[in-house]
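Residue numbers (this note's numbering): -19 to 677.
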C-alpha cells in the first residue's frame, strides 16, 4: 500500500509526482463533480495583472486562499473557483512601451494604436502561458483553480458585460463629464482616480520657497508700498497665480524686517516692509519690528502685482484677480498664512476661482510640460520625470526660483520641505493636479449605501473594514472613470457633434446599430465590415451613430482598469447575456482574500460596483494579508534589488515548505520578513522530519 521512498529523490520531484497524479486523475474536477448536489461556497479570484513575473507576495495570498478553499471542500461544500487574468491598463501598456522603446503618446500613435494593442495582447498572453508565468505558478504551487475556463478581461464577452454595467450607471444619471481638478499622471498623460492616487504616496523633499510681492493698493493705507509674503512648495505654479487667500480671523502683521544678505563677498543690509501672519514671524530672518496688527478680514481686497507677466490677466473682466480673498482652508501651521492661488493646479484654488470669478491660467500640457506661452520656461517639465526608457528630465523649479531672485521677488528658498506627495502607482513619477475635462461616476451619491453594506462584511482583521476601508468610504470621492490611453475597455459613450447630447451603449447588438466610418468619410453598416468585431481601439473609434439627424461619435477615452476587475463577479459569466442562473447562484462571494494594498483598489471597486448595480455587497468574508518585506524589514522593490521571485525559492526548497512557512510564521495580517534562513530551518525541522519518519516507517 505504501510506496518505498528513495531518499535520493528531492522534494521537488516528490511534489511533481503528486501534481502529475492530480492532473492525470483529474482530481480537482472530480472533487467538483462529487459535490454537485452540495451547498456552494463561492470564491472570487482577484485577477492578477499579467504584465510580468509573479512575486513572492502572490504565493502568500494564493496559499491563504487555497487553505480556506480546500478546507471548505473537505467539509463537503461545492467550491467552484474560476481563474482570472487582468489584462488591460497602464501596467501592461508601460511594459509594452519598454519593449518597443516608446516613451510618449505621440510615438504610440505614430507606431499605430492597432499594432500597439496587439503587442499588449501578446505580452499578457505570454506572461500567462510562459514557463515561470502565472499558469505555471498556479499549477506548481498546487492552487486548484479552473484554468481552462479562466476569465480574461480583454475578451469581447468580458468587455460587453462591462459595457452593460456602465450603461446601467449612465442611465441612472451617475456618469457625467465635467471640468475639474484631477490627479494627472504626466508621463503617460492620463488622469487617475482617487483610489489609484492612494496607492502611490512617497516622502519627498521639495522647495521651501518664500516670495514677496508688491502691494498696489489696500484698505489699510499703511500697507501700501509693502510686500506680501507668500509661501509655496511648488514654485512652478506661481506662473499661474491669480490671487491669494487669507484667513478672516487670523492675526496678520505689518513688520519692518531688517536682515543681512550676501552679495558676492560682501554683506548688505536690507530693510523690507512685509505682511504675513503674526504666528508665522519665525519664517523671517534678521530683526523684526511689528508696525501694525490687523485681522485677515480687514485686508481683504488688497491688490498686488502679478508675480510673472507671461499670461495677461484682464482685471476689468476678473475684478477679484490679484487680490487677497477669504479662504477657510488657510492655516498657520506652516508657510506665511497667505496662500497663493493657481486654480489650474489645486482643488481649493479651483473652488475659489468659481466662487470669486477668477481666471484659470493653464500653460501646461497634459504631459506636465510648459507651453510656449511662458518665455524661457517653455517646453520645460514642471517636475522631474523619469520615462519608460530610463531617461529623465529635471523639473523647472530651480530656474523659477532664480528668475524670482532676479526680479527681487524672492525672500528665501531652501530645498528642505519634507512631506508626503502622491506618485503614479505605475510610473513612480510625481502626480500633477490638473484642471481638465474628464468623465466621472458620482460615487458620493450612493456613499451611504456603501457604508451601510460594508457593515455586513466580516473583515479579518476587523480594523481594516472599520478603519482603513470604512474611513475611505466615509470620505469617498467621485470616481474619475476615463483614461486617455489605448489598451483597455473603451468607454461606451457616444457624444453628438454639437456636444449637446450623449448616450451609452451596453451591448454588441447596440454597437452593430451604428455605422463604420472609413478614412474617406464613407459610412457603411457595421455587420458588413468583418465577422469578428474587435471591441478595442482603434476599430471602435470609427463607429458613428446617426440619430434624429445628428451624428454621434465615441468619446475617445478608455475606462479605469480597476473597473474591469471590480466587474468580475458578473463579467466572468458574461452576464446578463449568458449564464444568468450561474451568476445569481454565485453572488455575492462567501470569501475573497488579497493583500492590504487592495483595500482601496480591488476591494473598493468590487464594493462600489456591486452597490450601485445590485444594492448588495459583493463579498461576505475577507482575509486581508499584509506585505512581505525583505529580511531587514524593507519593502521589496526592483530598484532595491531585494525582490524575491518564487520559482527561484521553489527550485531550492519545494512549494510545500514555502507555503507552510508563509502561513505559520505569523498571522496573515501582520507584515512578514522573508528570510531564507528561516525557510531553510522550516525545511529541515518539519519536512526533513516528515520524510525521514516516512522512510523509517
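All C-beta atoms, glycine included, are put in the ideal place defined by N, C-alpha and C.
For this session: Rounded to whole angstroms, what's the CA-CA distance from residue 499 to residue 221? Just pull it up for me.
Result: The count along the chain shown starts at 1 and reaches residue 499 at position 519. The count along the chain shown starts at 1 and reaches residue 221 at position 241. Approximately 43 Å, taken between the alpha carbons.
For this session: Name the two residues that bound the continuous alpha helix (DSSP H) containing residue 100.
Result: Counting from 1 along the chain shown, the entry for residue 100 is found at position 120. If you look at residue 100, you'll find it in the alpha helix (DSSP H) that goes 93 to 109.
Exercise. Shortest alpha-carbon distance to residue 217 belongs to which of 363, 7 and 55?
Worked result: The residue you call residue 217 lines up with position 237 of the chain shown. It is 363 whose Cα lies nearest to the Cα of residue 217.
Exercise. Where does the unbroken beta strand (DSSP E) through residue 406 begin, and where does it stop?
Worked result: Position 426 of the chain shown, counted from the start, is the residue given in the question as residue 406. No beta strand (DSSP E) holds residue 406; DSSP gives it neither H nor E.
Exercise. If you count every other CB in all the chains shown that lies within 10 Å of the CB of residue 424, and 16 or more means buried, which is it?
Worked result: Taking the chain shown and counting its residues from 1, one reaches residue 424 at position 444. Exposed, by the Cβ-count rule.
Exercise. Distance, Cα to Cα, residue 303 vs residue 647?
Worked result: Reading the chain shown from its first residue, position 323 is the one you call residue 303. Reading the chain shown from its first residue, position 667 is the one you call residue 647. Their Cα atoms are separated by approximately 57 Å.
For this session: Would you mind sorting residue 295 into buried or exposed? The rule is 16 or more other CB atoms within 10 Å of its CB.
Result: Taking the chain shown and counting its residues from 1, the one referred to as residue 295 is at position 315. Counting Cβ neighbours within 10 Å, residue 295 comes out exposed, since fewer than 16 surround it.
For this session: Indicate whether at least one CB of chain B lies closer than 8 Å to the CB of residue 305.
Result: Of the chains in the structure shown, none is chain B; there is only one protein chain.
Problem set entry | For residue 496 and residue -1, the rounded distance between their alpha carbons | In the chain shown, residue -1 corresponds to position 19, counting from 1. In the chain shown, residue 496 corresponds to position 516, counting from 1. Roughly 50 Å separates the two Cα atoms.
Problem set entry | 8 Å CB neighbourhood of residue 510 in its chain, flanking five on each side removed | For this step, residue 510 is matched to residue 530 along the chain shown. Note on residue 510: pLDDT 48, under 50, position unreliable in the model; no value is reported.
For this session: Assign residue 428 to one of two classes, buried (16 or more other C-beta atoms within 10 Å of its C-beta) or exposed (fewer than that).
Result: Working through the chain shown from its first residue, we reach residue 428 at position 448. Within a 10 Å sphere around the beta-carbon of residue 428 sit fewer than 16 other beta-carbons, which makes this residue exposed.
Problem set entry | Three-way DSSP call (helix, strand, coil) for residue 360 in this model | Working through the chain shown from its first residue, we reach residue 360 at position 380. Assigned with DSSP and collapsed to three states, residue 360 falls in coil, not helix or strand.
Exercise. Is DSSP giving residue 300 helix, strand or coil here?
Worked result: For the purposes of this step, residue 300 is identified with residue 320 of the chain shown, where counting begins at 1. Correct three-state label for residue 300: coil.
Exercise. Of all the alpha helix (DSSP H) runs that stay within the bounds of the segment 551 to 576, which reach a length of 4 or more residues?
Worked result: Restricted to the segment 551 to 576, the alpha helix (DSSP H) segments that are unbroken, complete and at least 4 residues in length are 560 to 565, listed in chain order.
Exercise. What three-state label does DSSP hand residue 214 in the structure shown?
Worked result: As a working mapping, residue 214 is identified with position 234 in the chain shown. Coil.
Problem set entry | Where residue 42 sits in the DSSP three-state scheme | For this step, residue 42 is matched to residue 62 along the chain shown. In this structure, residue 42 counts as helix in the three-state DSSP scheme.
For this session: Report the three-state DSSP secondary structure of residue 657 (helix, strand or coil).
Result: Against the chain shown, residue 657 aligns to sequence position 677. The answer is helix: DSSP assigns residue 657 an H, G or I state.
Problem set entry | 4 or more residues per run - each alpha helix (DSSP H) lying fully within the segment 601 to 640 | Qualifying alpha helix (DSSP H) stretches, in chain order: 626 to 633.
Exercise. Apart from the five residues just before and just after residue 409, which ones in its own chain have a Cβ nearer than 8 Å to its Cβ?
Worked result: For the purposes of this step, residue 409 is taken as the residue at position 429 of the chain shown. For residue 409, where only same-chain residues beyond five positions count, the Cβ hits under 8 Å are 165, 166, 167, 363, 365, 366 and 403.
Problem set entry | Spatial distance of residue 133 from residue 545 (CA atoms) | Start at 1 with the first residue of the chain shown, and residue 133 comes out as number 153. Start at 1 with the first residue of the chain shown, and residue 545 comes out as number 565. In a straight line, the C-alpha of residue 133 is about 8 Å away from that of residue 545.
Problem set entry | Boundaries (first-last residue) of the alpha helix (DSSP H) holding residue 2 | Taking the first residue of the chain shown as position 1, residue 2 is located at position 22. Unbroken alpha helix (DSSP H) run through residue 2: -9 to 5.
Exercise. Helix, strand or coil: which one does DSSP assign to residue 328?
Worked result: As a working note, residue 328 is residue 348 in the chain shown. In the structure shown, the three-state DSSP call for residue 328 is helix.
Exercise. Looking at C-beta atoms only, is the number of pairs between the segment 588 to 600 and the segment 464 to 482 that lie closer than 8 Å three or more?
Worked result: No, they do not touch.
For this session: Would you identify the three-state DSSP class for residue 510, choosing helix, strand or coil?
Result: Your numbering for residue 510 matches position 530 in the chain shown. In this prediction, residue 510 scores a pLDDT of 48, lower than 50, which makes its location untrustworthy; the coordinate-derived value is nonetheless stated afterwards. In the three-state reduction of the DSSP assignment, residue 510 falls in the coil class.
Exercise. Do you know whose CA, among 171, 579, 83 and 89, lies nearest residue 539's CA?
Worked result: For this step, residue 539 is matched to residue 559 along the chain shown. The shortest C-alpha separation from residue 539 is found at 171.
Problem set entry | Beta-carbon contacts of residue 458 that lie in its chain and below 7 Å, excluding the five residues immediately before and after | Working through the chain shown from its first residue, we reach residue 458 at position 478. Here the set comprises 420, 421, 422, 423 and 424.
Exercise. Quick one, are the C-beta atoms of residue 609 and residue 652 less than 8 Å apart?
Worked result: Position 629 of the chain shown, counted from the start, is the residue given in the question as residue 609. Position 672 of the chain shown, counted from the start, is the residue given in the question as residue 652. Closer than 8 Å, so yes.
Problem set entry | Reduced DSSP category for residue 426 - H, G, I as helix; E, B as strand; rest coil | In the chain shown, counting from the first residue as 1, residue 426 sits at position 446. Under the three-state reduction of DSSP, residue 426 is assigned to helix.
Problem set entry | Entirely enclosed beta strand (DSSP E) segments - the segment 520 to 550, minimum 3 residues | 523 to 527 and 530 to 534, all fully within the segment 520 to 550.
Exercise. Quick one: what's residue 175 bridged to in DSSP?
Worked result: Indexing the chain shown from 1 puts residue 175 at position 195. Looking at the DSSP assignment, residue 175 forms no beta bridge with any residue, so it has no partner.
For this session: State the start and end residues of the unbroken beta strand (DSSP E) segment that holds residue 162.
Result: Here residue 162 refers to the residue found at position 182 when the chain shown is read from its first residue. Segment 155 to 165, the beta strand (DSSP E) holding residue 162.
Problem set entry | C-alpha distance - residue 600 paired with residue 563, whole-angstrom precision | The residue labelled residue 600 in the question sits at position 620 within the chain shown. The residue labelled residue 563 in the question sits at position 583 within the chain shown. Distance between the alpha carbons of residue 600 and residue 563: 16 Å.
Exercise. Which whole-angstrom value describes the C-beta separation of residue 317 and residue 390, a residue pair presumed to lie in contact below a C-beta threshold of 8 Å?
Worked result: Counted from its first residue, the chain shown places residue 317 at position 337. Counted from its first residue, the chain shown places residue 390 at position 410. That pair is no contact at about 19 Å.
Exercise. Among 432, 278, 568 and 25, which has the Cα closest to the Cα of residue 131?
Worked result: Counting from 1 along the chain shown, the entry for residue 131 is found at position 151. Here the closest residue by C-alpha is 25.
Problem set entry | Neighbourhood of residue 97 by C-beta distance below 7 Å, restricted to the same chain and skipping five residues each side | By one-based count along the chain shown, residue 97 stands at place 117. Excluding positions up to five away in sequence, the list reads 466, 467, 516 and 517.
Exercise. In angstroms, rounded to a whole number, what distance separates the CA positions of residue 114 and residue 209?
Worked result: Your numbering for residue 114 matches position 134 in the chain shown. Your numbering for residue 209 matches position 229 in the chain shown. Distance between the alpha carbons of residue 114 and residue 209 is about 57 Å.
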